[in-house]
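In my numbering, the protein residues as written are 1307 to 1451.
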């Protein structure tokens, strides 16, 4: 399971390009900062999974895909999760990053096995915060909740 239609969710309306991430994970926060730096069109919006929006989305996805270690990308009415979400983010980022989308040809179980390994070890390898990142006033408009 790597896509879930967003139509059935009570979480609405959602931005066309919304990335839901673990707000206390240093790796995830680094990914968000990376996307912000490289998103020349400023089309990505963000919400921590721990936020009200994040919790509603996880409730909608569960038990199919929802957990705090799952990267969720709401893209044009569909929820993408795990490695599929990450590859679609790369494709939508622009620049040379869409080249990474070529990895979509790898079988999803293989991609997700690697994703799940990193997800399980991310706090040990990259650390965690005591609370979710607070965006600067200049970036606040890019974050929900």
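Cβ coordinates follow ideal geometry from the N, Cα and C atoms, glycine included.
Checklist entry - Should residue 1436 go down as buried or exposed, given a rule of 16 or more other Cβ atoms within 10 Å for buried? => result Under the 10 Å beta carbon count, residue 1436 is surrounded by fewer than 16 other beta carbons and is classified as exposed.
Next on the checklist: Within the continuous alpha helix (DSSP H) that includes residue 1415, where are the two ends?
Outcome noted: That run of the alpha helix (DSSP H) goes 1414-1432.
Item to check | Segment contact, 8 Å Cβ cut-off, at least three pairs: the region 1374-1385 with the region 1318-1328 | outcome: Yes, the region 1374-1385 touches the region 1318-1328.
Next on the checklist: So, with DSSP's three-state summary, where would you put residue 1263?
Outcome noted: What the structure shows of the chain is the stretch from 1307 to 1451, and residue 1263 is not part of that stretch, so it cannot be assessed.
Checklist entry - Could you give the distance in angstroms between the alpha-carbon of residue 1403 and the alpha-carbon of residue 1397? => result Between residue 1403 and residue 1397, the C-alpha separation is close to 6 Å.
Checklist entry - Can you name the start and end residues of the alpha helix (DSSP H) that residue 1337 belongs to? => result Counting along the chain, residue 1337 sits inside the alpha helix (DSSP H) bounded by residues 1332-1344.
Checklist entry - Is the Cβ-Cβ distance between residue 1352 and residue 1327 less than 8 Å? => result In contact: residue 1352 and residue 1327 (Cβ atoms closer than 8 Å).
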